[in-house]
Every structure is written in C-alpha cells, then in structure tokens.
Ligand SMILES: [Zn+2]
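Residue numbers (this note's numbering): 162 to 474.
Rendered as structure tokens:
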C-alpha cells in the first residue's frame, strides 16, 4: 500500500511526522507529495507540499539565508491562507514575514574591526530590530517555537538586536571617547535586560565598568579613561608607603591591595615591546650556542667516521 499513496495521504503523513518532531522525515514526505501532485496536476496540493517541505528544510543546520529565501518564495503563493503545522495554525503571510526578516538578520555577518564597518553594522541591526518590533511585535516567533521549543516574541528578538547594535557603537567609539562608549554599553545592558538575557547583561555591565574607569598612569602620571583599551593593569608590588605618594590625586594609580599598578597604553606598550626585544635577544643567544654545540658534535662524528673508514681499508 505504501507504494501507491496519494499526494494527500503523503501530505497527511508529513503533518503527522511534524507533530512527532521528525522534521527530516516530514520533509521527505512533503517532497514526495509535491512530486505526485505535480504529476497529477493537483495545483493546490503541489503549492502546499512545496511550502511545507521548504519550512522543514529550516530545521537544525538548515537555518541558512538561502533556505529562508527559498521558504519565503515557496510560501508567498499561499497568501493569506491558514496552514496547519504541528500543533499550530498560522497564516502563510505571517511566515513569509518571519522568513524575510530572519534572512535579513542572517545576512549581517561577523563583527568587523574597523570603526566605519562597526557603525554600518550597528545601523543594519537597528533597522532589522525595528522590523521584528513592528511587523511581528508581541507574537511568538514561529520557527524557534517549532524547531527548538523556544518561546521568543518579535519584541524580544528586537531587544537582542538593539543590544548588539549598541555594543557595536561602543566598540566603534571607545578609541576616541571611552566615556561615550560606556554609555552605549549601558544602553545595551538595558536592552539585554528587556530581552531576558542575563549573560548579555553581566557582560555589558563589566564593559561599562571598564570603559568608564579613570586612573592615573603610575609611570607618566597621565590621567586616562578606558581600562584594557587606553590603560592596563600590570602586576607589581605597591607598599603602603608608595601608595601614599599618590594622595594628591583623586585617581588611583594602583589597586587597593597593591598587587598591580595602572599603566597608560603608551607606557604599557613601550615596556612590553622592550621586554619582547630583550627576550628575543636572549633567545637568539641561546639558539646560536645550541648551533655551536651541534656543529662541534657533528665535527667529532665526522672524525670518528673517517677514522673508522681508514681502519677498514
Ligand atoms: Zn603613562
């Protein structure tokens, strides 16, 4: 009987498999249903089967830009029709919207390092976030719910995108204006909070602390803001007597426990570059000694070999 299933039966079988979360098998059933419907000229079943197959292709590793565009195009002919997938019934047009915005989200690739590219990326994330906010809003996103049992609304997704956008702005700004960068991170923290992402929130808060911290360089006395960008902590031993010598400035040049000092990027990089040069100098001396020893040994081996050969002849 399995050999002679009609396109309708295959479609039903596929829908059962979706309920069982067997997405790959369901995709197979929908593709077979589409094939059969095409042969028999059953247009409606053909369109529906193709659309359902393209949705199943989005499960697991299939959540790619191209697969989302494919699903968007396969769903478009269904217009305002309701379709039943798994336990949910949803308008095809709603899924078209989710496919289109999610594809756009995936098209924003990895985080760049130049300021201009960061600002550009921040702008794109912001505008995609607005689309999730206005076009999907408080409705739950369909695909995360179906494939990952994840309940996320359009608003929540938009908050994540706004947070990331603010973080990109912070990284684009920190070289010129660390205090402004700390403000961007504070905005990001507020968005992470609204998205319900505690990890993002605490990551952002530690950046707020770092980028807003001002110290006085232990070496040159410059006052500088922006930890790990414009100044760095360096391991040291600061006695209580030494710590007192900075009492005229409200800014710290060492931590309270006295186990590290702060160095501006200029002093820090001069010291670390010099230390590298010295280390390379010693490395070169050691390597040349090793080469001498090797050459010596090789010469002795050659002598022994010659002696042995002369002895044989
Ligand atoms: Zn300095």
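We put the CB at the ideal spot given by N, CA and C, even for glycine.
Practice task
Tell me, to the nearest whole angstrom, how far the beta carbon of residue 174 is from that of residue 195; I am working on the premise that it is less than 8 angstroms.
Solution key: Between residue 174 and residue 195, the beta carbon gap of about 13 angstroms keeps them out of contact (Cβ cut-off 8 angstroms).
Problem - Residue environment, residue 443, which counts as buried when at least 16 other CB atoms sit within 10 Å - result: So residue 443 ends up on the exposed side.
Problem - C-alpha distance - residue 282 paired with residue 414, whole-angstrom precision - result: C-alpha separation (whole angstroms): 36 angstroms.
Handout entry: Start-end ranges of the alpha helix (DSSP H) lying completely within the stretch 308 to 379, minimum 4 residues
Key = With a minimum length of 4 residues, the continuous alpha helix (DSSP H) runs that stay inside the stretch 308 to 379 are 315 to 334, 339 to 356, 359 to 373.
Problem - C-beta contact flag for residue 387 and residue 404 at 8 angstroms - result: Not closer than 8 angstroms, so no.
Exercise for the section: Would you please state the rounded distance, in angstroms, between the beta carbons of residue 269 and residue 285? I believe it to be under 8 angstroms. Expected result: Confirmed, Cβ separation roughly 5 angstroms.
Handout entry: Own chain partners of residue 356 with C-beta closer than 6 angstroms, once the 5 adjacent residues on each side are dropped
Key = So the list reads 317, 320, 321, once near-sequence residues are dropped.
Handout entry: Among 248, 368, 311, the one whose alpha carbon lies nearest that of residue 347
Key = The shortest CA-to-CA distance from residue 347 to any of 248, 368, 311 is the one to 368.
Problem - alpha helix (DSSP H) segment containing residue 407, residue limits - result: Segment: none, residue 407 is in no alpha helix (DSSP H) and carries neither H nor E.
Exercise for the section: Tell whether a beta-carbon distance below 8 angstroms holds between residue 333 and residue 280. Expected result: With a cutoff of 8 angstroms on beta-carbon distance, residue 333 and residue 280 are scored as near each other.
Problem - Boundaries (first-last residue) of the alpha helix (DSSP H) holding residue 265 - result: Counting along the chain, the unbroken alpha helix (DSSP H) around residue 265 starts and ends at 253 to 268.
Problem - Chain-order list of residues whose beta-carbon lies under 7 angstroms from that of residue 454 (same chain, five-residue window excluded) - result: Around residue 454: no qualifying Cβ.
Practice task
Have a look at residue 423 and residue 397 and give me their C-alpha separation to the nearest angstrom.
Solution key: Rounded to whole angstroms, the separation of the alpha carbons of residue 397 and residue 423 is 10 angstroms.
Exercise for the section: Please state whether DSSP places residue 190 in a helix, a strand or coil. Expected result: Here residue 190 sits in helix by DSSP.
Problem - CA nearest to the CA of residue 202, picked from 220, 172, 218, 168 - result: The option with the nearest alpha carbon to residue 202 is 168.
Handout entry: Anticipated Cβ contact below 8 angstroms, residue 184 with residue 172, distance rounded
Key = 15 angstroms between Cβ atoms; not a contact.
Handout entry: Helix, strand or coil at residue 388 [DSSP, three-state]
Key = DSSP, reduced to helix, strand and coil, places residue 388 within a strand of the structure shown.
Practice task
Could you name the residues of the same chain whose beta carbon sits closer than 6 angstroms to that of residue 290, not counting the 5 residues immediately before and after it, in chain order?
Solution key: Within the same chain, and ignoring the five residues on either side of residue 290 in sequence, the residues whose Cβ sits closer than 6 angstroms to its Cβ are 319, 322, 323.
Practice task
Return yes when the C-beta of residue 436 is under 7 angstroms from any heavy atom of ligand 1, and no when it is not.
Solution key: No, the beta carbon of residue 436 sits no closer than 7 angstroms to any heavy atom of ligand 1.
Handout entry: Any non-hydrogen atom of ligand 1 closer than 7 angstroms to residue 393 Cβ
Key = Relative to the non-hydrogen atoms of ligand 1, the Cβ of residue 393 never comes closer than 7 angstroms to any of them.
Practice task
Give the straight-line distance between the Cα atoms of residue 181 and residue 249, rounded to the nearest whole angstrom.
Solution key: Approximately 13 angstroms between the Cα atoms of the pair.
Exercise for the section: Determine, using beta carbons only, whether residue 301 and residue 260 come nearer to each other than 8 angstroms. Expected result: Contact: no.
Handout entry: Alpha carbon of residue 354 to alpha carbon of residue 204, nearest angstrom
Key = For residue 354 and residue 204, the distance between alpha carbons rounds to 48 angstroms.
Practice task
Consult DSSP for residue 415 and reduce its assignment to one of helix, strand or coil.
Solution key: Reduced to three states, the DSSP call for residue 415 is strand.
Problem - Any non-hydrogen atom of ligand 1 within 7 angstroms of residue 415 CB - result: No, the beta carbon of residue 415 sits no closer than 7 angstroms to any heavy atom of ligand 1.
Practice task
Please report the residue range of the beta strand (DSSP E) in which residue 489 lies.
Solution key: A query on residue 489 cannot be resolved here, the shown segment of the chain reaching from 162 to 474 and no further.
Exercise for the section: Would you tell me roughly how many angstroms separate the C-alpha atoms of residue 342 and residue 435, rounded to the nearest one? Expected result: Each residue's alpha carbon lies about 31 angstroms from the other.
Practice task
Could you check what DSSP says for residue 163 in three-state terms: helix, strand or coil?
Solution key: Since pLDDT at residue 163 reaches only 49, below the 50 mark, its modelled position is unreliable, and the value read off the structure follows with that caveat. In the structure shown, residue 163 sits in a helix (DSSP, three-state: H, G or I).
Handout entry: For residue 428, the first and last residue of its enclosing alpha helix (DSSP H)
Key = 426 to 473 is the span of the alpha helix (DSSP H), which, as asked, contains residue 428.
Handout entry: Residue environment, residue 223, which counts as buried when at least 16 other CB atoms sit within 10 Å
Key = Burial call: buried.
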